[in-house]
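The sequence shown begins at 14 in this note's numbering and counts up one residue at a time.
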Amino acid sequence: MASPAAGPLVTSAPVQIRWLSAVFDFPADEFGDEVTFWRAIAGSTVSPPRGDRRQFASLEPFTGDPHLRVQRVETGVGGVHLDLHVDDVEAGAAAAAAWGATVGESTPDGITVTSPSGFTIGIVPWNGEHERSRPIRWPGDTISIIDQICVDVPARRFDDECAFFSGITGWALEPASRPEFRALERPDEMPIRILLQRLTSGSVSAHVDLASTHPADEVSRHEDWGAEVVAHHGNWTVMADPTGRPYCITARNPRTGRLPGTD
């Protein structure tokens with residue numbers, strides 16, 4: 014049974030989110046090669062480094078504002094986390110705490126909070142980002158974009174996590190393609206969809222998903238860059254990047270983020 018402390022305060026207002034970013038956290042010894050891989054997969058360039066240790070950079074799309082970031086971490090194995098861009102970082106962290114988050118480190122770059130199941134979220138300053146990037150058209154006419162972060166949640170915390178994410182964003186939960194998934198209704202201006210997946214075992218983590226018009230061609234392109242196929246499912250293929258980091262290539266519409274026939 015979930016701890017009562019994990020439940021959100023239902024009278025709290027949601028965080029006023031201006032933009033979303035998916036952040037790849039890379040250990041120092043993987044940083045250069047991994048940034049090269051994900052830059053190629055996203056069809057982007059890399060911004061100059063920033064941060065007090067020059068640990069951050071953005072994957073800059075050819076159109077629109079960046080929604081993918083990379084970070085060099087000094088300890089741990091890395092992973093993927095979510096940044097919420099807000100007008101007032103302290104107020105955003107306080108609102109997240111009211112919905113059940115634990116507030117952690119505060120730096121000039123933002124405040125780190127963790128969700129009820131332990132997922133890391135950055136509350137960071139909004140710098141005027143507003144234009145969603147367009148999907149990339151690749152040779153052979155495949156169109157794709159990295160447009161979704163999937164939070165993988167242990168079953169015992171899944172309901173708490175769904176309530177938390179819906180509460181802090183103010184976005185309604187909607188049915189997904191399978192019962193183990195729940196999605197948040199993404200506002201049109203947001204570049205990232207948030208999907209939650211119920212796990213039968215393990216601890217909380219996250220991965221990114223690509224939407225592609227031709228998943229088989231997309232898989233081949235990624236294999237050329239050193240990725241490997243882990244498993245095929247009906248509407249998605251689980252991949253591992255060159256260091257084993259999981260992600261998925263899906264058959265969703267790159268412009269709407271939805272599966273064919275559900276737009």
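All C-beta atoms in this analysis are idealised placements derived from N, C-alpha and C, irrespective of residue type, glycine included.
{"query": "For Ala229, three-class secondary structure by DSSP", "result": "helix"}
{"query": "C-beta contact flag for Arg195 and Gly270 at 8 Å", "result": "no"}
{"query": "Where Ser216 falls: helix, strand or coil (DSSP)", "result": "coil"}
{"query": "Alpha helix (DSSP H) segment containing Ser179, residue limits", "result": "171-182"}
{"query": "Three-pair Cβ contact test at 8 Å for the segment 59-66 versus the segment 98-116", "result": "no"}
{"query": "Rounded separation between Glu144 and Val217 - CA only", "result": "30 Å"}
{"query": "Outcome for Arg191 when other beta-carbon atoms lying within 10 angstroms are tallied against a minimum of 16", "result": "exposed"}
{"query": "Own chain residues within Cβ distance below 7 Å of Val23, not counting five before or after", "result": "Any reading at Val23 needs caution, since the residue's pLDDT is 49, under 50, leaving its predicted position unreliable; the model's value is listed next. The answer is none, since no qualifying residue turns up."}
{"query": "Extent of the continuous alpha helix (DSSP H) to which Ile54 belongs", "result": "44-55"}
{"query": "The alpha helix (DSSP H) enclosing Glu103, as first and last residue numbers", "result": "102-111"}
{"query": "Supposed close pair Ile162, Val221 - CB separation, criterion 8 Å", "result": "6 Å"}
{"query": "Of the residues Trp32, Ile124, Pro27, the one placed nearest Arg206, counting alpha carbons only", "result": "Trp32"}
{"query": "For Met252, the nearest candidate out of Leu272, Asn266, Ala229 (CA to CA)", "result": "Ala229"}
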